[in-house]
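Each residue of the sequence shown is one higher than the one before, counting from -15 in this note's numbering. Backbone N, C-alpha and C define an ideal beta-carbon position, used for all residues, glycine too. As structure tokens, the structure follows; a few thoughts come after it.
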Amino acid sequence: MQYPAVLKKRCTGMKRAPSDDMDFLKVAAIGKKEERGFELKELSFSQQRFSNIAIAGETGSGKSTIMKIIAGLVQPDTGEVYFEGQRVKGPDEKLVPGHPGIAYLSQQFELAGFLRVEQVLKYANTLSPQEAESIIGICRIEHLLKRKTDQLSGGERQRIAIARLLISAPRLLLLDEPFSNLDIVHKNVLRAVIHDIGESLKITCMMISHDPQDTLSWADDILVIKGGELLQQGSPEQIYRQPKSAYIAGLFGKFNLLPPTKAKALAALSSISTNGKNLLIRPEAFRIVTAADGGLEGIVKRSTFFGSYYEVEVSVQNKIMITVRTDTERPARGETVYLQLPQEAVWFI
């Protein structure tokens, strides 16, 4: 589907033309203490226009608080947020909270149950009929317009809520756990919608999600938060392959973590080198080969089917247990396997 150029212009237009070195969004040392004892600790980062950021972290780490401060819905105790070079004012500084260029979809969004979908969108619409029709197409809701909102599934309600935000032509869209409580069918549709929002409308997005499949495949940059602190920021590849801690590694999938003694023993049986630190290896880094190819010899203790791959637990010399992922033939329990591990696939923490 082709979208009107005027719609793209509305969504990407700015009140002030930024200089080339101006950050689209700048979060400068924001801090916030809450009654439940949580504290956001002088967190800083920036976001460039058209660059998607994902925020990852355990429940209660401060992800939603960060988004609400950026949206101007929560007043920070310290620090400031700048959007397109202008400071975002919090609710203590203005009568109506929020910023006109920033749209925030919370986890607890509401849709009036007595209205049809077309009425919900009409009341919030600031676009021309042609522009609004394009938004409806992007969100895959053409067939839902005559339904009342209390007749929709969770995934359909999410797409209606996003469409309602988009017809106000935001330039930054903040999505707080948009995939929560969705089945796989509706989740895949919503993933396509969010992809099209960035690709077709050129709207910059920030998203919170607990599912690594959502963040790793979508984000240009990932922020990892724990206890109100920014632990690591980097590309999906950096965060996944070179995490700074086991906590960060665990947020994005399974991993093998060997203490220095076992890492040294594994190195003695293979071609990798160690440096006295814990050795982190993702399961897919191992490759099952034939005996003639050489490699680590191990015995299969368990093999589990996960649809597109098998996860295999292998015992090496009865003292090192490692998890291996393979999409080839399923190894049988008790079978001897041979593993190769390239040096570039290991990481030390």
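DSSP, reduced to helix, strand and coil, places Ala12 within a strand of the structure shown. In this structure Gly15 is in contact with Pro60, their Cβ atoms being roughly 6 Å apart against a cut-off of 8 Å.
Counting along the chain, the unbroken alpha helix (DSSP H) around Glu183 starts and ends at Ile168 to Leu185. For Tyr322, the enclosing beta strand (DSSP E) covers residues Thr320 to Gln324.
Across the set Pro75, Glu77, Gly82 and Leu128, the C-alpha of Gly82 shows the shortest separation from the C-alpha of Phe67. For Gln222, the enclosing alpha helix (DSSP H) has its first and last residue at Pro220 to Arg225. Around the beta carbon of Glu140, 16 or more other beta carbons lie within 10 angstroms, which makes this residue buried. Cβ contact annotation for Asn259 (same chain, cutoff 6 Å, sequence separation greater than five): Phe332, in chain order. The straight-line gap separating the alpha-carbon atoms of Asn240 and Thr274 is approximately 22 Å.
Counting the other CB atoms within 10 Å of its CB gives Gly138 a total below 16, which places it among the exposed residues.
In this structure the segment 200 to 220 does not lie against the segment 306 to 325, because fewer than three pairs of beta carbons, one per stretch, are closer than 8 Å. Counting other Cβ atoms within 10 Å of its Cβ, Gly291 stays below 16 and is therefore classed as exposed.
Within the segment 103 to 153, complete alpha helix (DSSP H) segments of at least 4 residues are found at 113 to 122 and 138 to 150, given in chain order. The three-state reading of DSSP puts Glu328 in helix, counting H, G and I together.
Contact annotation: Ser193 and Ala13 have beta-carbon atoms that are not nearer than 9 Å. Nearest in C-alpha terms to Lys132, of all of Gly56, Glu102, Glu281 and Leu156, is Glu102. Following the DSSP letters along the chain, one finds Ala55 in no alpha helix (DSSP H), marked with neither H nor E. Contact check for Ile209 against Leu200 fails: the beta carbons are separated by 9 Å or more. The C-alpha of Gln31 is placed about 37 Å away from the C-alpha of Arg271. With a threshold of 16 other beta carbon atoms within 10 Å, Asp167 falls short and is exposed.
CA-to-CA, the gap between Phe289 and Pro315 works out to about 11 Å. Three or more Cβ pairs closer than 8 Å define a contact, and the segment 104 to 111 meets that threshold against the segment 143 to 152.
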